[in-house]
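Visitor: Take this structure first; my questions come after.
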Amino acid sequence: MNDRDGPALIDALLDRAVAALGSGDHAAATALAGQVLAADEGNADAEELLAAPSRGGEIRRLTILFADLVDSTALSTRIEPETYRLVVGRYREQVLDIVNRFGGHIGSTAGDGLLAVFGHPVAHEDDVRRAVLAGLEITRAVPRLSAKAKARFGFEISVRVGVHRGVVYLDTTAADVYGLGANLAARVCSLAPPGAVVISEPVARLVHDAFDLEARPAAPVKGVEGLIDHHRVVGERSRPARAATGPLVGRDREWQHLQNSWGLAQTGRLSAPVVFCGEPGIGKSRLAAAAQELVGGQSGNTVVELIGSPFHADAGLYPVRALIERHCGIGRLTGPAERLTLLKAELARLGMDSVRLVPLLAPVLGVDAQHGYQAAADEGSELYELIAEAVRDYLLACLQGAPGLVIAEDAHWFDATSLEVLGSLLDGGGVLLVVTGRDKGWLPDSWRATVFDLEPLTERESDELIVALNPGLTPQERATVQSRCDGVPFYIEQVVSGITEVGVPEALYEPLFARLRASAEVVPVVEAAAVIGRYIDTGLLTAVAEVDPEDLRRALDELADAQVLERWNTDGWRFRHELLREVAIELAPPSVRRTLHARVGDALCSVGGEPDWGLVAGHYRQADRFDDAASAYQQASAAARRRGALTEARAHLSQALAQLDQCPPSPDRDRREIAFRLGRGFLTGSAVSPSSPVVAPDLERCLELIGADVPVSNQGKTSTAEELFSTLGVLTGYYTGRADLSRATKALELLRAALDQWQPGSWPRTDAWAGVLAFLRGEFSYAREKLELATDPGPAANRRTETVGYLPIDPIVAARIHLALVRLVQGSLPAAEAELARAAQSVEGMGFPQGPYSLAYLRFVEIWVHIETGQFDRAAALAVELIEDAQRHGFNQWRLRGTIQRAVAEALAATGGPSAAVDERITDIAALVDELRSADLNVYLTFFEGALARVMIAGGHRDATRLDAALAMARETGMSFYDCELLRLRSQLQPDPEAQRADLESALQLARRQGANLFELRCALGYFELVGPTAGLALVEAMSRIPADSGLAEAAQAAAALG
């Protein structure tokens, strides 16, 4: 037995032991309990079995609910006994009524606590769920009783409920239970907050799909060793909706609105969609079918149907993909090349431009460009928008340029892009858009939809529907149906259908359960079909069910006759409604269900071409094949990244990591976790910032996995060494972005030491980051040395190519653009421009996101150079390009930096002295710079503060507070590349000449130490202007370090000043 199968096997052994003891086979029960204890020492249920009496009563595995009044003892001391008895008596009546309604039985009381058993004397297929539902209902009913007690007697009451499932001794005579299972239910109850339901871990494993649960910290309880895992029940999850085929009853208002809306659409005047919301089975799909009958019944009118899927709620444009596949005749086994051919044929049939649309629609079908088309040139968010536009054009083409109907079923499972496309269909006024969904949380605010919240049918309407479905039912039978169905049309249909075969059912589940188990062939087929999903490819079902083809055919016919399945397309089936599928999937025991999910995943992967990796991953996850699920989620992430969907790609990697958490420890598992975490950090760095706090936990975990003693082979890089290089490289970039230069330098030193230990030599990318850090520290000469070494690393024999991956910017491009800044600071504008041109050449041909990200970085530095050299118009124009590119690719940090640069350039170009307009510009720029700081985008922050100071000085402001703060930040971080300029600018804000002179002298000395020739020249000019010709020597000295062809305006100013 492996760790993965442990809990499932132990549960199976316990169930067999309970059955053996219940049938009187104590020897077998003892042996089985012993097997459990051998596999799970100290298992309380097994010990309870061994301690069970050999005669009298039964041993059962039951669900126990315990409800207890909060602080009842203290309350009883403050309230008159008669009043207390009255309120508590009413409380007991309510609990009894609720337990009875949910099919339970009150077994005993303990003080003011009530214990209820579910599973005896009547056993149900869903006793655990019934118990949890009863608990929730109790916590809803008691507050109402409390409000009445408060109003009448002046005090309130509250209840807590606990639910546990375990082995108990059942006294069949007294209908009471004893043992640890019953005691533990009471202990679990004690862990519940007032007004809440808490369930034990065994219950949570069984109901987590039906209820929203909140895990709570494990806690000790009286009389039980160890800590108890438990969960608070937040509420019941909504069930999927189902289709209806009965007559349309009780929906006159909705039907009239559909008719009116279609009339408006036919004249091009409809602007609002029609949305039907409500609980599962309430009739949403039946109204959508009525709309289809209305429109489709008129010759020449087209109906387009998009359907949401719970298996693809996070997959971009899945409802559109399913539609195109249906229209094209694409099946599960259709290969990529044939998919492309069928897509082209579909577009040709509709008279659409294949050249434009194939590159945009093929990715929606999961077909890569390598299968026969030229990929779109756009990337990132711009590509996503173009795809959405192409989808809209396709949907409108399906309507053939005439008024038509678009049905969007189960829109609560639609992704955001699909909903956006649906909204865009309304612009022309000729589309009747009918949408169904559960609650309205998914409904876009921009739709201005007409929303109908469907309510259950009234008693009269329910009776009308029952009679229409089966006129032969007696009044008593009709009353029974009404009492069981609460006015929900689909429930009524199912119960009436069950009546014709097996009599009056006690719940909706029973007739369906009876039909599904009508023959031996049906059960494995419907179990497999339910695991596959609502829409079932026959070939896939054949592979998964593993039954004889003739038996499969008979089972499908039987399920169709029972109105469980219906034909879908030419070679497929579908459940009549998603709710039917959810009921059917409960038939399979967990072990069988896991096996089926594994078969589905394997079958999907065995088909040629690119499978839907997200769907594959979901099946492997539910099969507990965690390793395979992690790999599939990684593939899904890569596919999303190719579509420019960075957020979706990150989400898939998070899912991959969650699956790896379930895998047993091993070096290979750790290496994969490192790769996934670095990949997620890379995507976060691209979309947000490499220094985003979100990246930090991933990096810390990578370092933890690598450990202190990292094996680095000198015979060739080991996998662990490669992960160390990558992690330290990303860590260097992370700390650099936050301007934590001390930690960044330490990380880089560790990286370089590891590389040299592996194989001494020249490491260009590592030299590049060393040069970048030296630039930020203001060590310009050393920075130039390292950056030139990185961009021209010398003889190939001594050159190494280290893998420092997972960085959004190419390190060599980073080296060139920082070398450009160094050359500018050292006094040569032509040299700086030459390096920027070389960087631009390096970026060409790079893929997404590294190429566009590196280009954005390059644009940022180009704008910086233009601002430094007074080319404000050119800087503003380039900033517009940077902002647009950043928005297109989703690079938020570059959008923000570009916005600041544009505002600065425009302000400096337009400033003509103090004015209200200048004040407004300064306020806006300051707010943007503060936004950088709040986002921890600290690198280059002192440059932005200096640029803001220039605008403030030009506008007549004299506040040096921000410059003081910027210099303080530089001292704290060691980021001193702009200190000379900050001091020079502050000198212009000082109130007296002596203070001005002190700042200029400090700036001059610093510039000389740093080798910042441009900054030295600016300081010398300011000093000359302040003190006159006596400062000529400093100006001459500064000019001596400026090249003759510097291209700097400051050089011409100095020459003029010196005469």
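Residue numbering for the sequence shown follows our numbering, beginning at -7 and increasing consecutively.
Don't be surprised by glycine CBs; every beta carbon is placed ideally from N, CA and C.
(1) Please identify the residue among Trp605, Asp204 and Asp616 whose C-alpha is closest to the C-alpha of Ala630.
(2) Note down, in chain order, each residue of its chain lying with its Cβ closer than 7 Å to the Cβ of Thr724, except the 5 sequence neighbours on either side.
(3) DSSP beta-bridge partners for Ile220?
(4) With Arg830 and Ala824 assumed to form a contact (beta carbons below 8 Å), what rounded beta-carbon distance in angstroms separates them?
(5) With distances taken Cα to Cα, identify the nearest neighbour of Phe145 among Leu78, His611, Glu973 and Pro822.
(6) Here's the rule: buried if 16 or more other CB atoms are within 10 angstroms of the residue's CB, otherwise exposed. What is Asn930?
(7) Distance, Cα to Cα, Gly763 vs Pro822?
(8) Whole angstroms is fine: what's the gap from Pro841's alpha carbon to Arg913's?
(9) Are Leu974 and Ala990 close, meaning C-beta to C-beta below 8 Å?
(10) Which same chain residues end up closer than 7 Å to Gly364 when comparing Cβ atoms and leaving out the 5 residues on each side of it in sequence?
(11) State buried or exposed for Asp119, treating a residue as buried only when at least 16 other CB atoms are found within 10 Å of its CB.
(12) Nearest to His97 by CA position, among Leu54, Thr530, Tyr625 and Arg633, is which residue?
(13) Compare the beta carbon distance of Gly531 and Ala403 with 8 Å and say whether it is the shorter of the two.
(14) For Glu206, which beta-bridge partners are listed by DSSP?
(15) According to the neighbour-count rule (16 or more other Cβ atoms, all chains shown, within 10 Å of its Cβ), is Ala207 buried or exposed?
(16) Can you tell me where the beta strand (DSSP E) with Gly358 in it begins and where it stops?
(17) Which residue or residues does DSSP assign as beta-bridge partners of Phe58?
(18) According to DSSP, is Gly49 part of a helix, a strand, or is it coil?
(19) Kindly give me the distance between the Cβ atoms of Val189 and Gly105, rounded to whole angstroms, as I take these residues to be in contact under 8 Å.
(20) Please classify Thr728 as buried or exposed, where buried requires at least 16 neighbouring CB atoms within 10 angstroms.
(21) Which stretch, first to last residue, makes up the alpha helix (DSSP H) that contains Ile379?
(22) What separation, rounded to the nearest whole angstrom, lies between the Cα atoms of Arg384 and Leu417?
(23) DSSP has His97 in a bridge; who is on the other side?
(24) How big is the Cα-Cα spacing for Arg942 and Leu977?
(25) Just mark His200 as buried or exposed, buried being the case when its beta carbon has 16 or more other beta carbons within 10 Å.
(26) What first and last residue would you give for the alpha helix (DSSP H) that runs through Thr65?
(27) Locate the alpha helix (DSSP H) running through Val943, then write down its first and last residues.
(28) For Leu13, count neighbouring Cβ atoms within 10 angstroms of its own Cβ and tell me buried if that reaches 16, exposed if not.
(29) Between which two residues does the beta strand (DSSP E) carrying Thr294 extend?
(30) Using the Cβ count rule (16 or more neighbours within 10 Å means buried), how would you classify Glu538?
(31) Taking the runs of the beta strand (DSSP E) that are 3 residues or longer, which of them lie wholly in the region 243 to 288?
(32) Leaving out five residues on either side along the sequence, give the residues of the same chain with a beta carbon under 7 Å from the beta carbon of Thr131.
(33) Based on the DSSP secondary-structure assignment, which residues constitute the bridge partners of Arg559?
(34) Measuring CA to CA, which of Ile801, Ala1048, Ala1036 and His223 is closest to Leu1013?
(35) Have a look at Leu397, Arg634 and Val427 and flag the residue whose alpha-carbon is nearest the alpha-carbon of Val359.
(36) Quick check: Ala1058 and Leu533, are their CB atoms within less than 8 Å of each other?
Guide: According to the structure shown:
(1) When Trp605, Asp204 and Asp616 are compared, the shortest CA-CA separation from Ala630 is found for Trp605.
(2) Within the same chain, Ala736, Ala739, Leu740, Leu743 and Trp761 come within 7 Å of Thr724 by CB-CB distance, once the 5 residues on both sides are set aside.
(3) Per DSSP, the beta bridge partners of Ile220 are Ala211.
(4) No, Arg830 and Ala824 are not in contact; Cβ-Cβ is about 11 Å, not under 8 Å.
(5) Residue Leu78 holds the alpha-carbon nearest to the alpha-carbon of Phe145 among Leu78, His611, Glu973 and Pro822.
(6) The residue in question, Asn930, is buried, as its Cβ has 16 or more Cβ neighbours within 10 Å.
(7) Take the alpha-carbon of Gly763 and the one of Pro822: they are about 20 Å apart.
(8) Distance between Pro841 and Arg913, taken at the CA atoms: about 33 Å.
(9) No. Outside cutoff.
(10) Once the five neighbours on either side are set aside, the close Cβ partners of Gly364 are Ala329 and Leu332.
(11) Per the 10 Å Cβ criterion, buried.
(12) Nearest C-alpha to His97: Leu54.
(13) With contacts defined as CB atoms closer than 8 Å, Gly531 and Ala403 fail to qualify as a contacting pair.
(14) Residue pairing for Glu206: DSSP places it in a beta bridge opposite Arg224.
(15) Burial call: exposed.
(16) That residue, Gly358, is in no beta strand (DSSP E); it is neither H nor E in DSSP.
(17) According to DSSP, which records beta bridges pairwise, Phe58 is partnered with Leu107 and Gly154.
(18) Because Gly49 sits at a pLDDT of 45, beneath the cut-off of 50, its placement in the model cannot be relied upon, and the point is left open.
(19) About 15 Å separates the CB atoms of Val189 and Gly105; that is not less than 8 Å, and the two are not in contact.
(20) Classification for Thr728: buried.
(21) Secondary structure note for Ile379: its alpha helix (DSSP H) is the uninterrupted segment Gly372 to Cys390.
(22) Whole-angstrom Cα-Cα distance: 7 Å.
(23) Answer by DSSP bridge pairing, in chain order: Val109.
(24) The alpha-carbon separation between Arg942 and Leu977 amounts to approximately 7 Å.
(25) When all chains shown are included, His200 counts as exposed.
(26) For Thr65, the enclosing alpha helix (DSSP H) covers residues Ser64 to Arg70.
(27) In the DSSP annotation of this structure, the continuous segment of the alpha helix (DSSP H) that includes Val943 starts and ends at Leu933 to Ala946.
(28) Low confidence applies to Leu13: its pLDDT is 45, below 50, so where it sits in the model is not reliable, and the reading given next is rough at best. Note on Leu13: 16 or more other CB atoms within 10 angstroms of its CB, so buried under the neighbour-count rule.
(29) Element bounds for Thr294: Thr294 to Ile299.
(30) When all chains shown are included, Glu538 counts as exposed.
(31) Segments of the beta strand (DSSP E) lying fully in the region 243 to 288: 266 to 269.
(32) Taken in chain order, the residues that qualify are Val151, Val153, Gly187, Ala188 and Val189.
(33) According to DSSP, which records beta bridges pairwise, Arg559 is partnered with Trp565.
(34) Of the candidates Ile801, Ala1048, Ala1036 and His223, the one whose C-alpha sits nearest the C-alpha of Leu1013 is Ala1048.
(35) The closest CA to that of Val359, considering only Leu397, Arg634 and Val427, is found on Arg634.
(36) In this structure the chain extends from -7 to 1051, so residue 1058 is not present and cannot be described.
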